[in-house]
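Residue numbering for the sequence shown follows the UniProt record's numbering, beginning at 1 and increasing consecutively.
We treat Cβ as the ideally placed atom computed from N, Cα and C, and that holds for glycine.
Source: prediction; values computed, not measured.
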Amino acid sequence: MEIHLTRTYFPEGTNGKLECDGKLICNTIELPWKMNETKVSCIPEGKYFIKKRYGKKFQWHLEVLDVKNRSLILFHPANNALQELNGCIAPVTKLSGPGLGLMSRKAFTKLKDLVYKNLDSKESVELIVQS
Numbered sequence: 001m002e003i004h005l006t007r008t009y010f011p012e013g014t015n016g017k018l019e020c021d022g023k024l025i026c027n028t029i030e031l032p033w034k035m036n037e038t039k040v041s042c043i044p045e046g047k048y049f050i051k052k053r054y055g056k057k058f059q060w061h062l063e064v065l066d067v068k069n070r071s072l073i074l075f076h077p078a079n080n081a082l083q084e085l086n087g088c089i090a091p092v093t094k095l096s097g098p099g100l101g102l103m104s105r106k107a108f109t110k111l112k113d114l115v116y117k118n119l120d121s122k123e124s125v126e127l128i129v130q131s
């Protein structure tokens, strides 16, 4: 399974849309691009694999693997990239400004259900990040 994240960059944040087979899954918000600096930048464009991850803060969520010079890049709910993200990607139902979105939990659940279904059937899930 391939998921495409197509980004638009702004000084205050990065907005995107996540699609699978040409169909919109949800929108996304991220930090602005700042040369892949830890905790202040979105991740570089490229291809990554996604796996299930469990943690106390977000319970079951998704992790983006093998990001150069970065660790624990996650998909998790958030509505304000600058206040709630450290390099992670937040699915949102609706974009409300650069790095801002609405109804993140709803979009996150939709994305997680789709990805988990594929991972549970032993299919790999690849994230392709582009602009």
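- Counting along the chain, the unbroken alpha helix (DSSP H) around T109 starts and ends at 104-120.
- Under the three-state reduction of DSSP output, L5 falls in the strand class.
- With the rule of 3 Cβ pairs closer than 8 Å, the region 78-92 counts as touching the region 25-32.
- Contact holds between the region 102-121 and the region 48-61, because three or more Cβ pairs, one in each stretch, are under 8 Å apart.
- For E12, there is no enclosing alpha helix (DSSP H), as DSSP gives it neither H nor E.
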